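Peer 1:
Numbering (the UniProt record's numbering), first residue to last: 1 to 194.
1) Can you give me the C-alpha to C-alpha distance between residue 12 and residue 29, rounded to a whole angstrom?
2) What residue range does the beta strand (DSSP E) around residue 46 cover?
3) Which of the three DSSP states, helix, strand or coil, is assigned to residue 15?
4) Roughly how many angstroms lie between the CA atoms of residue 162 and residue 145, to the nearest whole one?
5) Is the number of C-beta pairs between the stretch 116-128 and the stretch 173-190 that are closer than 8 Å three or more?
6) Could I get the ranges of all uninterrupted beta strand (DSSP E) runs contained in the stretch 123-165, with 3 residues as the minimum, in chain order?
7) Check whether the stretch 65-76 touches the stretch 96-105, taking contact to mean three or more Cβ pairs, one atom from each stretch, closer than 8 Å.
8) Rounded to whole angstroms, what is the Cα-Cα separation between residue 50 and residue 26?
9) In this structure, does DSSP put residue 98 in helix, strand or coil?
10) Take every Cβ of the stretch 132-145, pair it with every Cβ of the stretch 82-100, and state whether three or more of those distances are shorter than 8 Å.
11) Are at least three pairs of beta-carbons, each pair with one atom in the stretch 141-161 and one in the stretch 170-181, less than 8 Å apart?
12) Is residue 29 helix, strand or coil when you go by DSSP?
13) Quick one, which of 170, 179, 65, 182 has its alpha-carbon nearest residue 5's?
14) Starting from residue 114, trace the beta strand (DSSP E) both ways and give me its first and last residue.
15) For residue 71, which of helix, strand or coil comes out of DSSP?
16) Within 10 angstroms of its Cβ, does residue 114 collect 16 or more other Cβ (buried), or is it exposed?
Spelled out as structure tokens, the structure:
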């Protein structure tokens, strides 16, 4: 369990970790993760490249939120339900980590952002921001990642902090306002412990 004392940590591309998919079908870039004592994790935010149709890895006991951040879009078939189509910067799509999922890019390779949450210990949301958008974030843990341009994060009672493309800001125990100026894009992952 992490400390509940308020803190802000800057994460650069050098802090990211490339991790093979559990099913061997690709590689994901882990932006941030909170390990649990049992070898699992409480939450993880990552960005994955999907270059061809294929299955997702199974993550039993986790809730997943996913959104397309580069490329045209993807079709997801989850647990035998009719396919759901998600386009670039559409709102995040939620599904159970243990559900069988087939993913098919709609027009060439895509990149997606994922928030995974251990269902027993955390809930959360994943919000995308694009050009002249603002979003108030609050939670036990917040990860703000800039996809393009420079985001501005204003923690309550603190100074404005710039977050350039490819970088992240990890905030614990505090709320903030995140702004994406014209031409900027970003993602906000909010985690609340159960």
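Don't be surprised by glycine CBs; every beta carbon is placed ideally from N, CA and C. Please read these numbers as outputs of a predicted model, since none were measured by experiment.
Peer 2: Short version:
1) 12 Å
2) 41-50
3) helix
4) 11 Å
5) yes
6) 133-137, 141-148, 150-155, 161-164
7) yes
8) 7 Å
9) coil
10) no
11) yes
12) strand
13) 170
14) 110-118
15) coil
16) buried
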